[in-house]
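**Student:** My numbering puts the first residue of the first sequence at 452, with every later residue one more than the last.
Before I ask anything, here is the structure I am working with.
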Amino acid sequence: MADRFNHHTADARWQKRWDEEASFSADRYPDRPKSYVLEMFPYPSGRIHIGHVRNYTMGDVLARYKAMTGHAVLHPMGWDAFGMPAENAAMEKKVHPGTWTRANIAHMKAQLKRIGFSFDWSRELATCEPEYYGHEQALFLDMYAAGLVYRKESAVNWDPVDMTVLANEQVIDGKGWRSGAPVERRKLSQWFLKITEFADELLSGLDDLKDWPDKVRLMQSNWIGKSQGLRFSFDLADRSDKVEVFSTRPDTIFGASFVAVAADHPIALELAEKDAALADFAAECRRSGTSAAELETAEKKGYDTGLKAVHPLDPEWTLPVYVANFVLMDYGTGAVFGVPAHDQRDFEFASKYDLPINRVVSAEGDAGEPVGDSAYTGDGSIVNSRFLDGMAIEDAKKTVIDRAEAQGWGEATTTWRLRDWGVSRQRYWGTPIPIIHCDACGAVPVPKDQLPIVLPEDIDFETPGNPLDRHPTWSRVDCPSCGNPARRETDTLDTFVDSSWYFIRFASQPDDKPFDKAEAESWLPVGQYIGGVEHAILHLLYARFWTRALRHIGMIDLAEPFQSLFTQGMVTHQTWSAGDGSWLSPDEVKKDGADWMRISDGTPATAGRVEKMSKSKKNVVDPDAIIDQYGADAVRWFMLSDSPPERDLLWSDAGIEGAWRFVQRIWRLVGSADAAQGEDKALLRKLHQTIAGVGEDIEALSFNKAVAKIYELTNAVEKAKPSATRTETVRTLLLLLSPMAPHLAEECWARLDQDGLIADAPWPRFDPALLVEDEVTVAIQVKGKLRDTLTVPKGLDKDAMEKAALASEKVQRSIDGAPVRKVIVVPDRLVNIVL
RNA sequence: GCGGACGUGGCGGAAUGGUAGACGCUGCGGACUUAAAAUCCGCUUGCCCUAGGCAGUGCGGGUUCGAGUCCCGCCGUCCGCACCA
């Protein structure tokens, strides 16, 4: 028997066995309780990276554990295969997006197989195939019929040189990433899903998601942004029309010092026709991207229209009306009133244009003096506000709203930060929207029997813009309604639509419909969903909405798709750079004494910060190379060790080598097993404590703690003398680590002549009676400082503990004759003597 | 700018308000070896260093018999911000 675990032969041997026996088929045990374990499916970018490995290893441990604890497990894998990178590759490498994507999928699938994940590959899917997106088109049409889909004008980033729509990430410092031309905001007619109709239930539904991280629920709640406020109109002096605004702070209405409208507000547009300077300013406002981060970090600018708005509570009081770049027509009413003393953005604006800063909320204990160099946004009571003076903020809000409603100039309104979901993309590599535009009939849904609407293959990426739009024949069709020549919709769907229901298709994949209701419901909701925290809002909110929309149209009886959510951290790595500032990859550098040098020419290299692994910084490691060298199990083990899974994991060579050593240690330990007799009580207790602890830790996804416990048990076995207990402990240890290091466990299991696959073995049981220790070590403190520890029988009563503590010589020395004022005793824990 | 999180030895981290540093890594010393690798044993928060003591969980306050943990205020880092996925 070799004295080393040979991962080259063992990994492949057991992967083949699992395949042959369909060990991970979801249909294998139809009578068992069902468990659905899902990791967020990857975008097929070309190669698996370590972040994927970490994500799927966590899911795999849970899936294997669930199988061992008697569940039928659905653990599928697929590909989020539509999206921009394929189009970029098409432009740069002159390869068709489909060819590129499918080649990437084949490569990445082979990579995943080498790691031994327990995926049921028979359910694999790729969103770029008509077998998937055709069903998505059917669902879109059902939602259209149910009134959940509509069209409206909405702004996009427009590159005037490339004549193309840009994604936010393609806008760099306000310029197109390829052309370098300043980006403009341009309005296009686009398709929207009515997610706002579900805003209330998406918000209240968060309360039921008890197994989601609080931070994700809070982020979603803030994103949905329900707020109660006052909607009212300012009369305009010398004009007959009004400006309608909404405010969540009507209590500060006497602190208002200006009104601001969006550059696209009807009043701004009208005035700009006669005011060239305003027209210039509005054009400048439009010369920026559409992203919120960009708009809100831009310098606040405004243009005084000369109009005056009349204060609703004082006809003598007028406010200047500005056009401002931070007010957007898409949000609320496209107009706001500014209260500089109590809103930081308004404060900056007022400071710049020399507008009054009237304090109307005073903090506890101040007299309401003017605010200093920033707005006051805290709690307090109302001042300088006539009939509101002295009220608390909430009372003042209610008073103003009541008066507005009584006097008829405004009304209480609930508004949402959440906006409807714009799903139109002016791109080729996405799901075609199954709509036909007819001059006579308008937008006509494609009849379902004509689905799928398949993307044309003969496209060209030589000229920028949407290839579907430029295709000579694809969009030319007859109207399904009147038969006259008409035109296909050439926008495709946001890829977030694809990922909003893939977890349902995994559970049920008939040919003739998106999924079978009963079969899907038998698996859903997903028991445990695992993915990156970067998806905390958009993907997860869209998937929650889509599921509710499916329920709304009667497709599935389910509100929440993901019962439990876990967001894992990133994988980070040291960075290195050369003298000229360019990044160096880990295999381009080596240690030179205390410093680093470049291997190629011996010039010094600088070790930089630890950062998220990324191609651009070259601090990536290639899973293939690592698996070749150390084997799948060492990589898996390292992914689970040390770092808590929700935090970032630092990749290091020392770490993976440590994991590899552990694999070999287990191999040697199994080789040392013998047929000795006799019981080892201490080891038996340790074993049962470990069985209980590891099970708990895996269920809580605290893999690093489970790993630490397995290390402790391994240490204990190695030190133990031969006994029947020791032999049994080695065998059980294999079961405990089999979800994490399955190839090693199978190989050792066979080496011990155990029957069958360890993947099919049941999880070991523990005896609760064996978990309890007879003796405990208690801390003895004097004035809160540790002075001694005592070992006492478990459950010793308080008086006896106090007596034992006072009997300690070290304690008496610390007390030094001072009178004891009080003694605090926590049974089985500590004694604190207070002087 | 707005929203959310995180911060503990040389490093990753552990710790129901109750012995801070489990477990792993690194480093140092030792055993084995002709030698090396592998393996095994010991030490590894800092300071004063003798039994022992003092300080210590990003910084500054507070609550408590007792705070890494709870509260208030800072600083730093990371994630998201609706067309990256």
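Glycine included, C-beta positions come from ideal geometry on N, C-alpha and C.
Measuring straight from C-alpha to C-alpha, what distance separates Ile1266 and Leu1286?
**Tutor:** So the two alpha carbons sit approximately 8 Å from each other.
**Student:** Whose C-beta lies closer than 6 Å to the C-beta of Arg515 among residues of the same chain, with five residues either side of it excluded?
**Tutor:** Excluding positions up to five away in sequence, the list reads Ser569, Pro1190.
**Student:** Count the other C-beta atoms from every protein chain shown that fall within 10 angstroms of the C-beta of His459, then say buried if there are 16 or more, exposed otherwise.
**Tutor:** When all chains shown are included, His459 counts as exposed.
**Student:** Rounded to the nearest angstrom, what separates Ala537 and Gly861 at their Cα positions?
**Tutor:** Spanning the two alpha carbons is a distance of roughly 51 Å.
**Student:** Would you tell me roughly how many angstroms separate the C-alpha atoms of Pro766 and Glu747, rounded to the nearest one?
**Tutor:** One C-alpha to the other measures close to 33 Å.
**Student:** Restricting to Cα atoms, I'd like to know which of Pro1173, Ala1159, Glu845 is closest to Glu1130.
**Tutor:** Here the closest residue by C-alpha is Pro1173.
**Student:** With DSSP as the reference, label Asp900 as helix, strand or coil.
**Tutor:** Residue state, collapsed to three classes: helix.
**Student:** Using the rule of at least 16 other Cβ atoms within 10 Å of the residue's Cβ for burial, across every protein chain shown, is Leu590 buried or exposed?
**Tutor:** The residue in question, Leu590, is buried, as its Cβ has 16 or more Cβ neighbours within 10 Å.
**Student:** Do Gly585 and Met1064 have their C-beta atoms closer together than 9 Å?
**Tutor:** Not closer than 9 Å, so no.
**Student:** Starting from Met1048, follow its DSSP beta bridges and name the residues at the other end.
**Tutor:** Lys1041, Pro1055, per the DSSP bridge assignment.
**Student:** Taking only the alpha-carbon atoms, compute the straight-line gap between Gln901 and Gly873 and give it to the nearest angstrom.
**Tutor:** Using only the alpha carbons, I get a separation of about 25 Å.
**Student:** Do you know offhand how far Pro664's Cα is from Ala618's?
**Tutor:** The straight-line gap from Cα to Cα measures roughly 30 Å.
**Student:** Please name the residue in Val1086, Glu1062, Gln1025 whose C-alpha comes closest to that of Ala1056.
**Tutor:** Comparing Cα positions, the closest option is Gln1025.
**Student:** Short check: CB of Thr552 to CB of Ala577, under 9 Å?
**Tutor:** Cβ distance < 9 Å, so Thr552 and Ala577 count as in contact.
**Student:** Quick one: using the 10 Å Cβ neighbour count with 16 as the cut-off for buried, is Tyr487 buried or exposed?
**Tutor:** With 16 or more Cβ atoms within 10 Å of its Cβ, Tyr487 is classed as buried.
**Student:** Looking at the strands, I want to know which residues DSSP matches up with Ile886.
**Tutor:** Ile886 is bridged to Pro896.
**Student:** In three-state terms, what does DSSP make of Gln679?
**Tutor:** Strand.
**Student:** What is the residue span of the alpha helix (DSSP H) that Gly502 lies within?
**Tutor:** Here the alpha helix (DSSP H) through Gly502 covers 501 to 519.
**Student:** Alpha carbon to alpha carbon, how far is Thr943 from Trp642?
**Tutor:** Each residue's alpha carbon lies about 10 Å from the other.
**Student:** Helix, strand or coil: how does DSSP classify Arg876 here?
**Tutor:** Strand, per DSSP.
**Student:** Helix or strand or just coil, what does DSSP make of Lys752?
**Tutor:** Of the three classes helix, strand and coil, the one that applies to Lys752 here is coil, per DSSP.
**Student:** Here's a check: name, in chain order, each residue in its chain whose Cβ is nearer than 6 Å to the Cβ of Arg1136, leaving out the five neighbours to either side.
**Tutor:** Taken in chain order, the residues that qualify are Leu1221.
**Student:** For the candidate residues Ile1231, Ala1251, Ser951, whose alpha-carbon lies nearest to that of Val1262?
**Tutor:** Among Ile1231, Ala1251, Ser951, the Cα nearest to that of Val1262 belongs to Ile1231.
**Student:** Should the stretch 997 to 1017 be regarded as contacting the stretch 651 to 661, the criterion being three or more beta carbon pairs within less than 8 Å?
**Tutor:** Yes, the stretch 997 to 1017 is in contact with the stretch 651 to 661.
**Student:** Go ahead and label Met452 buried or exposed: buried means 16 or more other beta carbons lie within 10 angstroms of its beta carbon, across all protein chains shown.
**Tutor:** Bear in mind that a pLDDT of 44 at Met452, under 50, signals an unreliable position, so the number given afterwards is only what the model happens to contain. The residue is exposed, with fewer than 16 neighbouring Cβ atoms inside 10 Å.
**Student:** The alpha helix (DSSP H) that contains Arg737, what's its start and end?
**Tutor:** Run containing Arg737: 727 to 737, per the alpha helix (DSSP H) assignment.
**Student:** Starting from the N-terminal side, write out each stretch of the beta strand (DSSP E) that is 3 residues or longer and does not extend beyond the stretch 775 to 836.
**Tutor:** The stretch 775 to 836 contains these whole beta strand (DSSP E) runs: 786 to 789.
**Student:** Does DSSP classify Leu1257 as helix, strand or coil?
**Tutor:** DSSP places Leu1257 in helix when its eight states are reduced to three.
**Student:** Could you tell me if Tyr1162 is buried or exposed, where buried requires 16 or more neighbouring beta carbons within 10 angstroms of its beta carbon?
**Tutor:** By the 10 Å Cβ count, Tyr1162 comes out exposed.
**Student:** Under 9 Å between the Cβ atoms of Phe996 and Leu489?
**Tutor:** Contact flag unset, no.
**Student:** For the beta strand (DSSP E) holding Asn1283, just list the boundary residues, first then last.
**Tutor:** Residues 1281 to 1285.
**Student:** Tell me the DSSP secondary structure of Met452 in three-state form.
**Tutor:** Confidence in Met452 is poor, its pLDDT being 44 and thus under 50, which makes the residue's placement too unreliable to answer from.
**Student:** Given a cut-off of 9 Å, decide if Val710 and Val600 are closer than it, judged by their beta-carbon atoms.
**Tutor:** No, Cβ-Cβ distance for Val600 and Val710 is not below 9 Å.
**Student:** Mind checking whether Asn608 and Arg636 have CB atoms under 9 Å apart?
**Tutor:** Cβ distance < 9 Å, so Asn608 and Arg636 count as in contact.
**Student:** For the alpha helix (DSSP H) that Ala847 lies in, which residues bound it at each end?
**Tutor:** 844 to 858 is the extent of the alpha helix (DSSP H) around Ala847.
**Student:** How far does the alpha helix (DSSP H) with Ala719 in it extend, from its first residue to its last?
**Tutor:** It spans 717 to 723 - the alpha helix (DSSP H) in which Ala719 sits, taken as one unbroken run.
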